[in-house]
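Notes follow once the structure below has been shown.
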Amino acid sequence: MKKKFLTAIYIFIIFALMSGMACLSLAADFPDPTPEFFVNDFAGVIDSRTEDEIQNAAVQLYERTGAQVVVVTIDSLGGEPLEIYAVKLFREWGIGEADKNNGVIILVAIEDRMSRIEVGYGLEGALPDGKTGRIQDNYMIPAFKEGNYSEGISVGFLAIVQEVYNEYGIEADTGYERYYYSEQENDADTRNIIYIFIIIAVLILDWIFFKGRLTRFFVYSSMFRRGGGGGFSGGGRSGR
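When the letters of the sequence shown are read in order and numbered with my numbering, they come out as residues 4 to 243.
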């Protein structure tokens, strides 16, 4: 009886491993990039005018800096985690110069309602995780939730392109719309600093006058709060 039980477990483990390997093999089957390379609208959500604008701006950026910013839209991740899909696609297509690792991929999965900005090591100073996250949260995702993928992808792309130009110390050509993201980000950072000082002041006053009772109350109550949300979600990571 014990031998049969061990045999059944062994067969189950082998089957699970084979299934996992099959899934990994399927997940690694990525589409080939389009001839244009910089715009790959496999989901068919970007209008032709926006495609042309992104393609022209991406080519110009590449010619002037060597950096590559590539846009990819897909219907579904096929069960692959967003982060893993983005990293694998980044490497599969060889985005950016190999010796400088200065590539960026903007990935949008329509049916999964997820987006990600994957950044190579060479540009992580210009585009850290926090910045790519804010580009998505403040500009891309609000447009996506309205169903306006062309607008969301366009403004996200322009924000990234402007930051890359800034990193290389190159002024964009006349006629190229300078993106205003950096200035707004600085304003947001200033507000965050003010909020932190206010919170610290409130905590100090609470401990002086109320012996920390308010602080303990809010900490205790926050432990039992649950939150949820719907719609598009985004993520960003540097260092491919």
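Backbone N, C-alpha and C define an ideal beta-carbon position, used for all residues, glycine too.
DSSP places ASP55 in no beta strand (DSSP E) but in the uninterrupted alpha helix (DSSP H) bounded by 51-68. Under the three-state reduction of DSSP output, ASN141 falls in the helix class.
If you look at GLY123, you'll find it isn't in any beta strand (DSSP E); DSSP assigns it neither H nor E. Per DSSP, reduced to three states, the secondary structure at THR76 is strand. PHE147 and LEU85 have their alpha carbons spaced roughly 17 angstroms apart. Burial check for GLU174: the Cβ neighbour count within 10 Å stays below 16, so the residue is exposed. Shortest Cα-Cα distance from GLY47 to any of TYR152, VAL205, GLY106, GLY172 involves TYR152. Here the alpha carbons of ARG216 and ILE197 stand approximately 24 angstroms from one another. By the Cβ neighbour-count rule, LEU208 is exposed, with fewer than 16 other Cβ atoms within 10 Å of its own.
Around the C-beta of TRP96, 16 or more other C-beta atoms lie within 10 Å, and the residue is accordingly described as buried. With respect to ARG119, ALA89 sits close: the two C-beta atoms are nearer than 8 angstroms. Per DSSP, the continuous alpha helix (DSSP H) segment holding GLY159 begins and ends at 152-171. In this structure, VAL62 and ASN43 do not form a Cβ contact; the two beta carbons are roughly 14 angstroms apart against a cut-off of 8 angstroms.
For a cut-off of 8 angstroms, the C-beta gap from ILE156 to ILE77 is around 13 angstroms, too long to register as a contact.
Counting C-beta atoms within 10 angstroms of its own C-beta, LYS214 has fewer than 16 neighbours from the protein chains shown and is therefore classed as exposed. Between LEU130 and ASN105, the CB-CB gap reaches or exceeds 8 angstroms. In the three-state DSSP reduction, ALA204 falls in the helix class (H, G or I).
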